[in-house]
Amino acid sequence: MLSFAQFNVISKKANTIPQFNMAKNFSSRAEDYSQWYNDIVKHAELAENSSVRGSMVIKPYGYALWENMQRELDRMFKETGHENAYFPLFIPKSFFSKEASHVEGFAKECAVVTHYRLKIDENGGGIIVDPDAKLEEELIVRPTSETIIWDTYKRWVKSYRDLPILINQWANVVRWEMRTRLFLRTSEFLWQEGHTAHATEREAIAEAEQMLEVYADFAENFMAIPVIKGTKSPNERFAGALETYCIEALMQDGKALQAGTSHFLGQNFAKAFDVKYLSKENTLEYVWATSWGVSTRLIGAIIMGHSDDNGLVLPPRLAPIQVVIIPIYKNEQQLEEISDEVKEIMKRLRSKGIRVKYDNRDTQKPGFKFAEYEYKGVPVRFGIGPRDLENKTIEVARRDNLTKEMMPMEGIEEKVLLLLDEIQQNLFERASNFRKKNSKNVDTWEEFKIEIEKGGFLYAHWDGSSETEQKIKEETKATIRAIPLDAKEEMGKCIYSGLPSSKRVVFARAY
RNA sequence: CGGGGUGUAGCGCAGUUGGUAGCGUACUUGACUGGGGGUCAAGGGGUCGCAAGUUCAAGUCUUGUCACUCCGACCA
Numbered sequence: 050m051l052s053f054a055q056f057n058v059i060s061k062k063a064n065t066i067p068q069f070n071m072a073k074n075f076s077s078r079a080e081d082y083s084q085w086y087n088d089i090v091k092h093a094e095l096a097e098n099s100s101v102r103g104s105m106v107i108k109p110y111g112y113a114l115w116e117n118m119q120r121e122l123d124r125m126f127k128e129t130g131h132e133n134a135y136f137p138l139f140i141p142k143s144f145f146s147k148e149a150s151h152v153e154g155f156a157k158e159c160a161v162v163t164h165y166r167l168k169i170d171e172n173g174g175g176i177i178v179d180p181d182a183k184l185e186e187e188l189i190v191r192p193t194s195e196t197i198i199w200d201t202y203k204r205w206v207k208s209y210r211d212l213p214i215l216i217n218q219w220a221n222v223v224r225w226e227m228r229t230r231l232f233l234r235t236s237e238f239l240w241q242e243g244h245t246a247h248a249t250e251r252e253a254i255a256e257a258e259q260m261l262e263v264y265a266d267f268a269e270n271f272m273a274i275p276v277i278k279g280t281k282s283p284n285e286r287f288a289g290a291l292e293t294y295c296i297e298a299l300m301q302d303g304k305a306l307q308a309g310t311s312h313f314l315g316q317n318f319a320k321a322f323d324v325k326y327l328s329k330e331n332t333l334e335y336v337w338a339t340s341w342g343v344s345t346r347l348i349g350a351i352i353m354g355h356s357d358d359n360g361l362v363l364p365p366r367l368a369p370i371q372v373v374i375i376p377i378y379k380n381e382q383q384l385e386e387i388s389d390e391v392k393e394i395m396k397r398l399r400s401k402g403i404r405v406k407y408d409n410r411d412t413q414k415p416g417f418k419f420a421e422y423e424y425k426g427v428p429v430r431f432g433i434g435p436r437d438l439e440n441k442t443i444e445v446a447r448r449d450n451l452t453k454e455m456m457p458m459e460g461i462e463e464k465v466l467l468l469l470d471e472i473q474q475n476l477f478e479r480a481s482n483f484r485k486k487n488s489k490n491v492d493t494w495e496e497f498k499i500e501i502e503k504g505g506f507l508y509a510h511w512d513g514s515s516e517t518e519q520k521i522k523e524e525t526k527a528t529i530r531a532i533p534l535d536a537k538e539e540m541g542k543c544i545y546s547g548l549p550s551s552k553r554v555v556f557a558r559a560y
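Dropping the structure here:
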């Protein structure tokens with residue numbers, strides 16, 4: 050059991066924000082971590098369960114967050130030379146059987162379309178599937194798009210001049226999961242999947258590594274979550290890949306979350322779909338492939354990475370609302386005066402690119418609004434009342450450490466710009482410290498079994514065999530989350546088998 | 001798919017030995033309020049998850065079923 054004390058950095062000073070959530074029946078992390086997570090998703094209005102089992106409705110606030118994530122990622126993809134395209138949702142069943150390990154990996158979780166028509170039931174039972182409308186070939190709802198894309202690339206690639214192909218698509222995919230959790234695992238989810246084709250192995254590997262860097266950059270600089278960059282062990286590798294690169298994050302309950310993966314696919318798909326090009330030397334060669342993706346699961350990472358017992362905490366660079374302004378007034382006239390001033394302030398904030406919202410609803414009290422935006426994780430809140438108009442001040446409250454102070458209206462846009470950066474930085478540091486505190490080297494099996502119960506990343510030696518990894522998983526539920534790219538060479542003995550090992554890998558229990 | 005738990009008003013819950021449903025909050029109206037979830041008063045809102053069964057009578061008992069949730073197996 051982890052202590053969350055380090056995340057409750059509420060100062061005892063006079064400007065401390067009082068804690069009201071006790072009255073609202075929201076769970077705390079220590080009481081029930083899973084319930085706490087579910088409460089945040091629902092009460093912060095990110096998403097809710099739908100009538101479709103295992104599928105969620107992403108609500109406007111949650112979708113706005115996703116849009117911000119999309120925008121930054123999309124920019125990064127384009128800056129690295131990629132273009133967006135769109136491929137079909139339905140994939141002919143036969144495509145799947147072309148790459149053996151790929152089928153095996155996904156077969157158990159595919160939704161299948163078998164018919165194309167409904168009809169009125171003659172026996173009065175409402176609507177039924179028309180048995181006469183059976184498809185010649187059944188269609189799979191994509192769990193990922195490698196097959197349909199490589200079937201397409203086959204037609205696009207003739208010569209080395211056609212390479213590389215650098216394409217990304219934003220799409221939904223379906224994986225029929227037995228056990229679902231909002232954002233972390235749902236039957237349908239939103240993601241992006243990049244699929245590239247290259248002339249050489251070297252170039253493909255470089256692409257996979259480059260995209261891993263992009264993901265790590267995004268995680269750390271936008272989500273404010275530190276990640277371990279590494280490769281997966283063969284057991285954890287993507288179905289059909291020769292190498293899977295990953296970024297791995299640590300959640301507040303001590304469990305790991307895979308935040309993004311990038312795969313070097315070798316020539317597996319090129320061979321399965323017969324994608325060849327004529328080289329400069331006039332020889333026919335199979336192309337080399339990569340694929341890489343991140344999903345709405347990242348929203349789960351943001352929630353579990355930063356939020357506290359008062360609700361959601363969002364990193365400023367991704368927050369749908371960065372500054373919310375709440376007027377405090379006694380009558381119509383005061384509201385008008387405040388609104389005039391706020392209009393001016395908003396203009397200045399927006400000129401700096403700050404996403405600001407003025408909540409002038411007359412239907413809610415200020416205190417209610419304070420609590421609401423706090424729960425929804427808005428990084429900065431302004432309170433402006435008659436006293437502020439007189440003094441030319443603003444009460445500025447920050448969500449990350451729950452403190453507030455008075456600031457002059459003059460030049461507030463510059464101050465806030467700095468403040469947002471400071472909050473972003475603080476969240477990253479806080480998460481980094483947490484990870485540091487919950488990462489340790491472990492050298493004996495006894496110690497491993499004790500430490501894994503406490504959660505966190507365990508750096509330990511591993512003999513490199515799947516059997517050992519499997520045994521460790523069976524006995525402790527821990528898996529190898531990553532073989533860090535920056536692992537230093539260090540002779541040691543496998544934690545489990547005692548066989549020699551040259552570097553430490555990262556073990557953890559995972560989502 | 002196996003095991004546990006929960007489904008009663010928008011949300012959170014109570015409901016005794018079976019006797020026809022209640023609390024908090026939210027909602028509506030009004031007044032007073034207003035710098036951290038306001039106060040008072042008066043109101044509105046429920047096929048008790050769904051379907052069968054037992055019974056004179058079912059939120060309550062029985063069976064089935066669906067959903068959610070936790071724990072396993074599977075996975076981003």
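Quick note on the working numbering: the first sequence kicks off at 50 and runs consecutively. We put the CB at the ideal spot given by N, CA and C, even for glycine. Here the structure is a predicted model, which means the values were calculated and not measured.
Within 8 Å, strictly: CB atoms of residue i and residue j
i, j, result
"E538", "S550", "no"
"V491", "I529", "no"
"L306", "A338", "no"
"E171", "P141", "no"
"G279", "L534", "yes"
"Q519", "N284", "yes"
"F271", "L367", "yes"
"V391", "V429", "no"
"E273", "P369", "Sequence inspection shows Ala at residue 273; the Glu mentioned does not correspond to that position. No; because the gap between Cβ atoms is not below 8 Å, this pair is not in contact."
"S236", "W225", "yes"
"F232", "I394", "no"
"L188", "V178", "no"
Residue span of the alpha helix (DSSP H) that contains residue i, given as start and end
i, result
"H131", "H131 -> no alpha helix (DSSP H), and no H or E assigned at all."
"A480", "I461 to K486"
"L261", "E250 to N270"
"Y545", "Note, Y545: premise wrong, no alpha helix (DSSP H); not H, not E."
"I501", "W494 to K503"
"V101", "Careful: V101 lies outside any alpha helix (DSSP H) and carries neither H nor E."
"Y82", "Y82 to H92"
Residue range of the unbroken beta strand (DSSP E) whose run includes residue i
i, result
"E226", "From DSSP, E226 is part of no beta strand (DSSP E); its letter is neither H nor E."
"G434", "Neither: G434 is in no beta strand (DSSP E) and is coded neither H nor E."
"A30", "An answer regarding residue 30 cannot be provided, because it is not within the stretch 50 to 560 covered by the chain."
"Q241", "E237 to H247"
"K168", "L167 to I169"
"F313", "A305 to G315"
"I177", "I176 to V178"
"F419", "Run containing F419: none in the beta strand (DSSP E); it sits in the alpha helix (DSSP H), P415 to Y424."
"G279", "I277 to T280"
With 16 other Cβ atoms within 10 Å as the buried cut-off, status of residue i
i, result
"I169", "exposed"
"F556", "buried"
"N487", "buried"
"Q371", "buried"
"Y545", "buried"
"Q473", "buried"
"S344", "buried"
"N133", "exposed"
"M71", "Residue confidence for M71 is low, a pLDDT of 38 falling below 50, so the modelled location carries little weight and cannot support an answer."
"R410", "exposed"
"P192", "buried"
"S356", "buried"
"Q382", "exposed"
"A257", "buried"
"L548", "exposed"
Per-residue DSSP class, three states only, for residue i
i, result
"N380", "coil"
"N70", "The pLDDT assigned to N70 is 41, lower than 50, so where the model puts this residue is not dependable; a value taken from the coordinates is nonetheless given after this. DSSP places N70 in helix when its eight states are reduced to three."
"M458", "coil"
"R191", "coil"
"F556", "strand"
"S356", "coil"
"W337", "strand"
"P141", "strand"
"S76", "coil"
"N221", "strand"
"G154", "helix"
Rounded Cβ spacing between residue i and residue j (contact assumed at less than 8 Å)
i, j, result
"F287", "W199", "At roughly 14 Å, the Cβ-Cβ gap does not stay under 8 Å, so F287 and W199 are not in contact."
"E158", "N317", "Incorrect: roughly 20 Å between the Cβ atoms, too far for contact."
"E297", "F477", "With 8 Å as the limit, E297 and F477 do not qualify as a contact, their Cβ atoms being about 16 Å apart."
"T525", "I499", "With a Cβ gap of about 10 Å, T525 and I499 do not count as contacting."
"T310", "T332", "Contact flag wrong, Cβ pair sits at about 32 Å."
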